[in-house]
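Worksheet: the structure to be examined is printed underneath.
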Amino acid sequence: MPHNHPHIPRHIAMIMDGNGRWAKERGLPRREGHRAGAESVREVMEACKELGVEFLTLYAFSSENWSRPADEIKALMDLLNRFLDEKAKDLDKQNVRLLAIGQIDRLPEKTRDRLAKIIERTKNHSSMTLVLALSYGAREEIVAAARSLAADAAAGNISPDQIDSSLFASRLQTAGIPDPDLLVRTSGEMRVSNFLLWQISYAEMVIVKKFWPDFRQGDLFDAVREYQSRHRRFGAL
Ligand code: IPE
Ligand code: IPE
Ligand code: MG
Numbered sequence: 028m029p030h031n032h033p034h035i036p037r038h039i040a041m042i043m044d045g046n047g048r049w050a051k052e053r054g055l056p057r058r059e060g061h062r063a064g065a066e067s068v069r070e071v072m073e074a075c076k077e078l079g080v081e082f083l084t085l086y087a088f089s090s091e092n093w094s095r096p097a098d099e100i101k102a103l104m105d106l107l108n109r110f111l112d113e114k115a116k117d118l119d120k121q122n123v124r125l126l127a128i129g130q131i132d133r134l135p136e137k138t139r140d141r142l143a144k145i146i147e148r149t150k151n152h153s154s155m156t157l158v159l160a161l162s163y164g165a166r167e168e169i170v171a172a173a174r175s176l177a178a179d180a181a182a183g184n185i186s187p188d189q190i191d192s193s194l195f196a197s198r199l200q201t202a203g204i205p206d207p208d209l210l211v212r213t214s215g216e217m218r219v220s221n222f223l224l225w226q227i228s229y230a231e232m233v234i235v236k237k238f239w240p241d242f243r244q245g246d247l248f249d250a251v252r253e254y255q256s257r258h259r260r261f262g263a264l
């Protein structure tokens, strides 16, 4: 385990991809892949806690995923509800704070209620922050930030030349969360799919071939080791 290494990423962001293909390979309906993926979530959370990662962001549902068939969306929302019910106590016990980013108002009311309750209940927890990206799209997030700054400028609260990258970042839903150091995507796809476009400017990317439901703690440790072998330059020498 890459434990004692000084460079543990402070924030890991995960694109949990490949549930459908995992199921297809086994002749199962796609929802079974989503269901199996819940175990990977548990493993990754454990591994991150063990390493001392401060922030873990999981891309669970994108704005574009609303264009999937209704029965798949329903299966995903049911799983999310179950995850929230089952995790509510665990997160509390493990001192984990829950946050959510994305267009939460598009989620079913039941899901929003559960989310709000757990977020409130865990708001002072300090061992790790789990950020769920739900109905999340980075372009939508950036547009909303631009709109809020434009409204402030139009109202005369700020002047346009006050707008710099830190003011802009403070209007994103990730305000207060450090940028991801490491971005992991499973199932081999070399794309970002509208995830955290602003925040991953200098993230190290690790693409893993395995489908998400096959992703285990050892795979997370491998990704962290790969991260530790990189030389981050941030544009300097
Ligand atoms: C990731 O798996 C889960 C979500 C996007 C909600 P997919 O459902 O995208 O699975 P593939 O990529 O089709 O295999
Ligand atoms: C990205 O996966 C979204 C999530 C993992 C929630 P997708 O499967 O939706 O992305 P594309 O369609 O392959 O780009
Ligand atoms: Mg996919």
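Residue numbers (my numbering): 28 to 264.
For each residue, glycine too, the CB sits at the ideal point set by N, CA and C.
Residue 61: CB within 7 Å of a non-hydrogen atom of ligand 1: yes
For residue 94, verify whether its CB is less than 7 Å away from any heavy atom of ligand 5. For the structure depicted, ligand 5 is absent and the ligand set comprises only ligand 1, ligand 2 and ligand 3.
Looking only at its own chain, which residues have a Cβ that is under 7 Å from the Cβ of residue 198, when we skip the five neighbours before and after it? 172, 175, 176
Can you tell me whether residue 89 sits near ligand 2, meaning its C-beta is under 7 Å from at least one heavy atom of the ligand? yes
Hey, could you find the ends of the beta strand (DSSP E) residue 128 is sitting in? 123 to 128
Buried or exposed for residue 258, going by 16 or more other Cβ atoms inside 10 Å? exposed
Since residue 212 is in the beta strand (DSSP E), which residue starts that stretch and which ends it? 209 to 212
Length-filtered (3 minimum) beta strand (DSSP E) runs lying within the segment 50 to 103: 82 to 89
For residue 254, which of helix, strand or coil comes out of DSSP? helix
Below 7 Å, is the gap between the Cβ of residue 220 and the nearest heavy atom of ligand 2? yes
Length of the line joining the Cα atoms of residue 133 and residue 57: 22 Å
Can you list, in chain order, the residues of its chain whose CB lies under 7 Å from that of residue 103, leaving out five sequence neighbours each side? 61, 88
Per-residue DSSP class, three states only, for residue 136: helix
So which of 85, 50, 72, 180 has the shortest CA-CA distance to residue 158? 85
Can you tell me which residues form a DSSP beta bridge with residue 155? 123
Closer than 7 Å: is that where the CB of residue 47 sits relative to any heavy atom of ligand 3? yes
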